[in-house]
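Residue numbers (my numbering): -9 to 103.
I have placed the structure first, in the form of structure tokens, so that the comments after it can refer back to it.
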């Protein structure tokens, strides 16, 4: 059943067993897991605090419910030094050559000369 649940990736998955957490820990592809006999999806939708915007059509395989994280923009910054760039340049050349992007390596070579 766990394999089937993970393959189907349902929007709502109700686990109605004596120890639902045991099964829930093995579910990886559900939009929302409702634990126990006393947790109907209607209560979840309206008053229990979970988000009602859930992945459908198997999309639960790759994402969960809408959350505050959907509204946070993550900025990424990175830097290196000429000495580090020089040390990794031979690997950069290998990667750039393998990808057929010689100008990627040229951007490195031009900086370390």
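Backbone N, C-alpha and C define an ideal beta-carbon position, used for all residues, glycine too.
Helix or strand or just coil, what does DSSP make of residue i?
i: residue -2; result: helix
i: residue 25; result: strand
i: residue 52; result: coil
i: residue 84; result: helix
i: residue 78; result: helix
i: residue 59; result: helix
i: residue 5; result: strand
For residue i, tell me which candidate among the options has the shortest Cα-Cα distance.
i: residue 100; options: 79, 13, 44; result: 79
i: residue -7; options: 8, 9, 13; result: 13
i: residue 6; options: 66, 31, 18; result: 31
i: residue 21; options: 89, 41, 63; result: 41
i: residue 102; options: 77, 93, 87; result: 77
i: residue 23; options: -5, 37, 36; result: -5
i: residue 19; options: 11, 86, 69, 46; result: 46
Please check the pair residue i and residue j, which I expect to be a contact at CB under 8 Å, by giving their CB distance rounded to whole angstroms.
i: residue 43; j: residue 56; result: 4 Å
i: residue 95; j: residue 86; result: 4 Å
Any contact between the stretch 61 to 80 and the stretch 15 to 29? By contact I mean 3 or more CB pairs, one from each, below 8 Å. Contact between the stretch 61 to 80 and the stretch 15 to 29 is absent, because fewer than three Cβ pairs lie under 8 Å.
Would you call the stretch 35 to 50 and the stretch -2 to 7 in contact, with 3 or more CB pairs under 8 Å? Yes, they touch.
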